[in-house]
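*Asks:* Reading the sequence shown from the start, the letters are residues -31 to -1, 1 to 504 in mature numbering (1 follows the signal peptide of the UniProt record, and there is no 0).
No residue lacks a Cβ here, since even glycine has one placed at the ideal position from N, Cα and C.
What follows is a single structure, and I will ask about it in a moment.
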Amino acid sequence: MRKCTTGVSVAMNFLLIMLLAAGLQMSASRASPVGVPNLNQCELATDTSIIGPPTTLQLNCCLPIPSGSVVDFSFQTYQSAVKRVRMPAHKATADYIAKYTRAYEIMRSLPDHDPRSLSVQSKLHCAFCNGAYKQLGSNSAVVQVHFSWLFLPWHRWYLYFHERILASLLGDPTFSLVFWNWDDQRDGGNTMPAMFLNKGSSLYDQSRNAKHLPPNIVKLVPGSNGATSDIVKQNLNALYQDIVTSTTAETFMGGAFRDGTNVSSSSLATAPLGGSMENGVHNSMHFWTGDPTQPLYQDMGTFLTAARDPIFYAHHSNVDRLWERWLNGMPGGQRALPSDPDFLNAEFYFYDEAGRIVKVFLRDALDNNKLGVSYPDVPADDLWTHFSPTRITTGSAVLAARANGVPEVGPAPDNGVITLHSAHPAIVKRFKNSKERTEVLVVQGLQVIRDTFVSLIVFVNLPDANSTSPTSSAEYVGTFNVIPVPGKPLYADVKFEIGDNLRRVGIENESEVVVTLVVRGTQTITIQGLHIGYA
Ligand code: C2O
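Right under this line is the structure:
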């Protein structure tokens, strides 16, 4: 009897393996880079919340289609005579601010249908974040430049053309964007830069958080509290965890997005997700800057409207600079970008300074040098690059946690669906003896409706962590911030590198670890499992 069952299961397994292999082959041959959409097929970006306070935002983010033909990007065509050096916003001189103000004045004064106007520039962002365009040949998969490996390169291209347009409007080829040096916790970069704060200036946007004006410093983990010196420490640890100890292309830049990838209805196995740079400090800054009296923290707090605020482009210059730091400036040497052809050959549309549509390949954005863009060295980078978070626990917390009834949570699908409370400790098994590989905690099958801003904060070895726990210690792993896109579900595996945390806490030889998931916000988050594996 027993033999018989085994025989059947072997046969079944074999069949399953064959089916799987066939399936893999199919998807491998179908896999291809995401291409440019048909710009003639545009839908209104309409969002209606289905839970929480009823909110409807309807935006026409359809892009104007100029009469001329599409230009294929080449470095030769877009060669620039001068190298652009982007400087920190808080160090801008009065002359430079005047020039910058003038550039946005002209940009704002262009008619709404002009591709170079701030209105169309901001629609470019909305259009490709909020479902205005379907991928070519699909009637459900939209073009989406967030939540995946497209995020950093797409935004680099976006800045590149935005900057060229401003330079050409000014008639000044040396014009460069500034970067908002919010990661600088020492030399004055971590407040809203003064140049963006003058009412009546073209650089001003009234829909920002009025309580976050200087001297308030940024919070790189939403909801951080304590004295300024505590927030500084939490900011430094956020940067350290999101950039320094997020070493793989997948955890830092995000997961794969290919032709046909459907962000809002993907299955667990294929859902792409942004990396720590996007989900962590980048999203935090959008949330911190946006206006909390607006339902979606507009302008900066939601992708629909973020790019209406000139501070957006300075924010993203810094994101771009930090991507470059991650690649070339980390202890341990150069890090690897994805080499997948579906990454390299993804295509996008932008407008150039003549208002023409340009088609670009993602791969041409991977080297700022070739694009003629550079950033100066920022000495304050050292503060977070070499930040050394200290532990606040001694020894493994597993025994005590188990005695207190903290449950074990294993990989999906054995747990069913777990609804997270504001603080949710769990005991998770790990594999030992793989020290040379990158250890990754996967929060499996996370689901949330993106109606309001919510943060999922992860700690190890801290069973009592709650929503007011400081995030400055070595037990803090990272934060996944969900930016609102009302009514849209998010379904994905969220990954965090934890090897450095376990070593600093001194529990790297344990076979189990306490993981506590803390929710800051009111949105319900469910998960299906916790799994510790290797990248
Ligand atoms: Cu396209 Cu900072 O978002």
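Using the three-state DSSP reduction, which class does Pro310 fall into: helix, strand or coil?
*Replies:* Here residue 310 is taken as the residue at index 341 of the sequence shown, counted from 1. Correct three-state label for Pro310: helix.
*Asks:* Is the beta carbon of His393 sitting closer than 9 Å to the one on Val488?
*Replies:* Taking the sequence shown and counting its residues from 1, the one referred to as residue 393 is at position 424. Taking the sequence shown and counting its residues from 1, the one referred to as residue 488 is at position 519. Yes, Cβ-Cβ distance for His393 and Val488 is below 9 Å.
*Asks:* From Gly157 to Ile326, what distance separates their C-alpha atoms?
*Replies:* As a working note, residue 157 is residue 188 in the sequence shown. As a working note, residue 326 is residue 357 in the sequence shown. Rounded to the nearest angstrom, the two C-alpha atoms are 39 Å apart.
*Asks:* Could you tell me how far apart the beta carbons of Ile34 and Asn7 are, in whole angstroms, since I believe they sit closer than 8 Å?
*Replies:* Position 65 of the sequence shown, counted from the first residue, corresponds to residue 34. Position 38 of the sequence shown, counted from the first residue, corresponds to residue 7. Not a contact, Cβ separation roughly 10 Å.
*Asks:* Check whether the Cβ of Phe272 sits closer than 8 Å to any heavy atom of ligand 1, and report yes or no.
*Replies:* Taking the first residue of the sequence shown as position 1, residue 272 is located at position 303. Yes, Cβ of Phe272 sits closer than 8 Å to a heavy atom of ligand 1.
*Asks:* Could you check how far apart the C-beta atoms of Ser178 and Asn287 are, in whole angstroms? I think they sit under 8 Å.
*Replies:* By 1-based counting over the sequence shown, the position of residue 178 is 209. By 1-based counting over the sequence shown, the position of residue 287 is 318. Correcting the residue type first, residue 178 is Asn in the shown sequence and not Ser. Not a contact, Cβ separation roughly 18 Å.
*Asks:* Taking the straight line between their C-alpha atoms, what separation do you get for Gln90 and His131?
*Replies:* For the purposes of this step, residue 90 is taken as the residue at position 121 of the sequence shown. For the purposes of this step, residue 131 is taken as the residue at position 162 of the sequence shown. The straight-line gap from Cα to Cα measures roughly 7 Å.
*Asks:* Per DSSP, what kind of secondary structure is Thr437 in: helix, strand or coil?
*Replies:* Position 468 of the sequence shown, counted from the first residue, corresponds to residue 437. DSSP places Thr437 in coil when its eight states are reduced to three.
*Asks:* My output table needs one value for Tyr47: the three-state DSSP class, helix, strand or coil.
*Replies:* As a working mapping, residue 47 is identified with position 78 in the sequence shown. Of the three classes helix, strand and coil, the one that applies to Tyr47 here is coil, per DSSP.
*Asks:* If you measure from the CB of Val454, is any heavy atom of ligand 1 nearer than 8 Å?
*Replies:* The sequence position of residue 454 within the sequence shown is 485, counting from 1. False, no ligand heavy atom lies under 8 Å from that Cβ.
*Asks:* What residue does the beta strand (DSSP E) around Gly447 start on, and which one ends it?
*Replies:* Position 478 of the sequence shown, counting from 1, holds the residue named residue 447. Segment Tyr445 to Val451, the beta strand (DSSP E) holding Gly447.
*Asks:* Does DSSP put His390 in a helix, a strand or coil?
*Replies:* Along the sequence shown, read from residue 1 onward, the residue named residue 390 stands at position 421. The answer is coil: DSSP assigns His390 none of H, G, I, E or B.
*Asks:* Taking three-plus beta-carbon pairs below 8 Å as touching, is the segment 409 to 427 in contact with the segment 459 to 474?
*Replies:* Counting Cβ pairs under 8 Å, three or more are found: they touch.
*Asks:* With Thr220 as the anchor, note down where its alpha helix (DSSP H) starts and where it stops.
*Replies:* Your numbering for residue 220 matches position 251 in the sequence shown. That run of the alpha helix (DSSP H) goes Ala218 to Met222.
*Asks:* Closer than 8 Å: is that where the CB of Phe120 sits relative to any heavy atom of ligand 1?
*Replies:* As a working mapping, residue 120 is identified with position 151 in the sequence shown. For ligand 1, at least one heavy atom lies less than 8 Å from the Cβ of Phe120.
*Asks:* Check whether the Cβ atoms of Asp153 and Ala349 sit closer than 9 Å, and answer yes or no.
*Replies:* On the sequence shown, residue 153 is found 184 positions in, with the first residue counted as 1. On the sequence shown, residue 349 is found 380 positions in, with the first residue counted as 1. Closer than 9 Å, so yes.
*Asks:* Does any residue of chain C have a CB that is nearer than 9 Å to the CB of Lys188?
*Replies:* No chain C appears in the structure shown, which is made up of a single protein chain.
*Asks:* Identify every residue that forms a DSSP beta bridge with Arg489.
*Replies:* Locating residue 489 in the sequence shown gives position 520, where the first residue counts as 1. In the DSSP output, where bridge partners are listed per residue, Arg489 has Ser424.
*Asks:* Measuring alpha carbon to alpha carbon, tell me which of Leu306, Ala14 and Pro2 ends up nearest residue 524.
*Replies:* Past the edges of the chain, shown from -31 to 504, lies residue 524, and the structure says nothing about it.
*Asks:* If you reduce the DSSP assignment to three classes, tell me which class Met56 lands in.
*Replies:* Working through the sequence shown from its first residue, we reach residue 56 at position 87. In this structure, Met56 counts as strand in the three-state DSSP scheme.
*Asks:* Determine the direct distance from the alpha carbon of Pro183 to that of residue 545, and round the result to whole angstroms.
*Replies:* Nothing about residue 545 can be reported from this structure: the residues present for the chain run from -31 to 504 only.
*Asks:* What did DSSP end up calling Ile476 once you bin it into helix, strand or coil?
*Replies:* Reading the sequence shown from its first residue, position 507 is the one you call residue 476. DSSP places Ile476 in coil when its eight states are reduced to three.
*Asks:* Return the CA-CA distance between Thr491 and Pro453, expressed in angstroms with no decimal places.
*Replies:* Locating residue 491 in the sequence shown gives position 522, counting from the first residue. Locating residue 453 in the sequence shown gives position 484, counting from the first residue. Roughly 12 Å separates the two Cα atoms.
*Asks:* Quick check on Glu304: does DSSP put it in helix, strand or coil?
*Replies:* Locating residue 304 in the sequence shown gives position 335, where the first residue counts as 1. It should be pointed out that residue 304 corresponds to Arg in this sequence rather than to Glu. Coil.
*Asks:* Tell me whether Leu(-8) sits in a helix, a strand or coil according to DSSP, three-state version.
*Replies:* One-based indexing of the sequence shown puts residue -8 at position 24. Low per-residue confidence applies at Leu(-8): pLDDT is 38, beneath 50, and the placement is therefore not dependable, though the value from the model is reported in the following sentence. Residue state, collapsed to three classes: helix.
*Asks:* Between the alpha carbons of Leu32 and Pro84, how many angstroms are there, rounded?
*Replies:* The count along the sequence shown starts at 1 and reaches residue 32 at position 63. The count along the sequence shown starts at 1 and reaches residue 84 at position 115. Going by the C-alpha atoms only, they are around 8 Å apart.
*Asks:* Only counting the same chain, and skipping five residues up and downstream in sequence, which positions put a Cβ closer than 7 Å to that of Ser442?
*Replies:* Sequence index remark: in the sequence shown, residue 442 carries index 473 (1-based). Cβ within range, chain order: Pro358, Thr359, Arg360 and Ile361.
*Asks:* Kindly indicate the opening and closing residues of the beta strand (DSSP E) around Phe97.
*Replies:* Indexing the sequence shown from 1 puts residue 97 at position 128. Looking at the DSSP string, Phe97 is not in any beta strand (DSSP E), and its letter there is neither H nor E.
*Asks:* With DSSP collapsed to three states, give me the class of Ala72.
*Replies:* As a first step, residue 72 is located in the sequence shown; it is residue number 103 there, counting from the start. Ala72 falls in the helix class under three-state DSSP.
*Asks:* How is the alpha helix (DSSP H) around Lys202 delimited, first residue to last?
*Replies:* By one-based count along the sequence shown, residue 202 stands at place 233. Here the alpha helix (DSSP H) through Lys202 covers Thr197 to Leu208.
*Asks:* Strictly by DSSP, which residues pair up with Gly498?
*Replies:* Residue 498 sits at position 529 when you count from the first residue of the sequence shown. Answer is Gln413.
*Asks:* Output the boundary residues of the alpha helix (DSSP H) element that contains Phe330.
*Replies:* Here residue 330 refers to the residue found at position 361 when the sequence shown is read from its first residue. Premise fails: Phe330 lies in the beta strand (DSSP E), Ile326 to Phe330, not in any alpha helix (DSSP H).
*Asks:* In the segment 111 to 196, which residue ranges form an unbroken alpha helix (DSSP H) of at least 4 residues, counting only runs that do not cross its ends?
*Replies:* Entirely contained in the segment 111 to 196, the alpha helix (DSSP H) runs reaching 4 residues are, in chain order, 120 to 139.
*Asks:* Kindly identify the DSSP beta-bridge partner or partners of Gly259.
*Replies:* Within the sequence shown, the letter at position 290 stands for residue 259. Answer by DSSP bridge pairing, in chain order: Arg177.
*Asks:* So, for Val367: in the same chain, excluding its five sequence neighbours on each side, which residues have a beta-carbon less than 8 Å away from its beta-carbon?
*Replies:* As a working mapping, residue 367 is identified with position 398 in the sequence shown. For Val367, where only same-chain residues beyond five positions count, the Cβ hits under 8 Å are Ile396, Glu479, Glu481, Val482 and Val483.
*Asks:* Near Ala72, which residues of its chain fall below 7 Å by C-beta distance, leaving aside the five closest residues on each side in sequence?
*Replies:* As a first step, residue 72 is located in the sequence shown; it is residue number 103 there, counting from the start. Hits under 7 Å: Leu135, Leu138, Leu139 and Phe144.
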